[in-house]
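Everything on this sheet refers to the single structure shown next.
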Amino acid sequence: MPETTAKPESAAGKPETSGSQTLSRGLTALSLLADHGSQSIQSLAALLGVHRSVAYRLVRTLEEHRLVVRDSGGMLSLGPQLVILARDVEHDLQSASLTHLQQLADELGATAFLTVRDGDDAVTLVTAVPRGVNASVAQHPGHRHPIALGAPGIALQAMLSEAAWRELGHDEPMHPAVADVHAQGFAVSANEVIQGITSVGAPIRARGTTDASVAVVTVGEPDAQALGAAVLRAARAIEADLR
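If you count the sequence shown from 1, position 106 lands on 107 in the numbering used here, and the numbers rise without skipping.
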């Protein structure tokens, strides 16, 4: 019988064609740096599931295009060219949200952020950190997590029809908290994406083809209803500015 050769897989477990493998790995490396923060070449190679020499070649190419930078200790992080590439992405949405996010963060003393739906993921687009607060939960632009979990994702789920939810590959029903979004305008989630973290999110319903939500993250057991009311006001204000 003829011998068969398995196609290589990306770090996400999806088969890659030979022509797209290097590009796919490079894009995956950028996503991993966004999700996990600064990495050494060795740790990035482990996250990618490739040999260190492969990761080194990828990093060199990304460095040449300023998509990745390396500090004096050899640690890798996302580079300034990404900001230039991203500055026009959802420009209107970012512009409409910045002031309201900062007001929300300052009012609640918690990190506020805007997410957009990218397929089955919620991706953080812009973040506001509260001023005058010594410490707050970090939420970096580019961070992504499944919309099946967490208040920002639940808020995005609430904007989908049942048919659209199934088209994303879900056989299970939507998150139970989707009903809260329909009833009160926001969702609350605790310990789903990160243990010990509570998030509150509300959908932004004036976006045409892009689903978006506004959310805050905090620690402990906050007054969820008070946070939800504030997040909902911010969502409505952003919607008004987008009209």
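Where is the CB? At the ideal position from N, CA and C, for every residue including glycine.
Computed from a predicted structure; not experimentally measured.
Let me check understanding here. Comparing Cα to Cα, which of the options lies closest to residue i?
i: Ser78; options: Val55, His37 and Val51; result: His37
i: Ala178; options: Ala159, Glu168, Trp166 and Asn192; result: Ala159
i: His144; options: Met76, Ala225 and Ile195; result: Ile195
i: Thr23; options: Leu49, Pro142, Ser162 and Ala230; result: Leu49
i: Val189; options: Ala207, His171, Gly170 and Ala227; result: Ala227
i: Thr211; options: Leu243, Ser73 and His141; result: Leu243
i: Arg67; options: Val51, Gly80 and Met175; result: Gly80
i: Gly197; options: Val138, Pro174 and Arg58; result: Val138
i: Asn192; options: Val51, Pro174, Glu222 and Met175; result: Glu222
With DSSP run on the structure shown, which of helix, strand or coil describes residue i?
i: Pro174; result: coil
i: Gly202; result: strand
i: Thr100; result: helix
i: Asp181; result: helix
i: Val232; result: helix
i: Arg167; result: helix
i: Thr23; result: helix
i: Glu240; result: helix
i: Ser73; result: coil
i: Gln40; result: strand
i: Leu79; result: strand
i: Asp224; result: coil
i: His146; result: strand
When you compare the CB positions of residue i and residue j, do they come within less than 8 Å of one another, or not?
i: Ile239; j: Val215; result: yes
i: Val117; j: Val124; result: yes
i: Asp121; j: Ile148; result: yes
i: Leu134; j: Leu115; result: Just to set this straight, residue 134 is Val in the shown sequence, not Leu. Cβ distance not < 8 Å, so Val134 and Leu115 don't count as in contact.
i: Leu45; j: Ala35; result: no
i: Arg132; j: Asp93; result: no
i: Arg53; j: Gln43; result: yes
i: Ala97; j: Val218; result: no
i: Arg71; j: Val51; result: no
Could you pull the start and end residues of the beta strand (DSSP E) that residue i belongs to?
i: Thr62; result: Looking at the DSSP string, Thr62 is not in any beta strand (DSSP E); the run it does join, the alpha helix (DSSP H), is Arg53 to Glu65.
i: Pro153; result: That residue, Pro153, is in no beta strand (DSSP E); its alpha helix (DSSP H) goes Ala152 to Gln158.
i: Ser190; result: Ala188 to Ala191
i: Thr211; result: No beta strand (DSSP E) holds Thr211; DSSP gives it neither H nor E.
i: Asp119; result: Thr112 to Asp119
i: Leu126; result: Asp122 to Ala129
### Query
Counting Cβ pairs, one atom from each stretch, are 3 or more of them under 8 Å apart for the region 145-154 and the region 93-107?
no
### Message
Tell me whether the region 59-67 and the region 28-48 touch, counting them as touching only if at least three CB pairs, one residue from each stretch, are closer than 8 Å.
### Response
yes
### Query
Between the region 224-242 and the region 193-205, do three or more beta carbon pairs fall short of 8 Å?
yes
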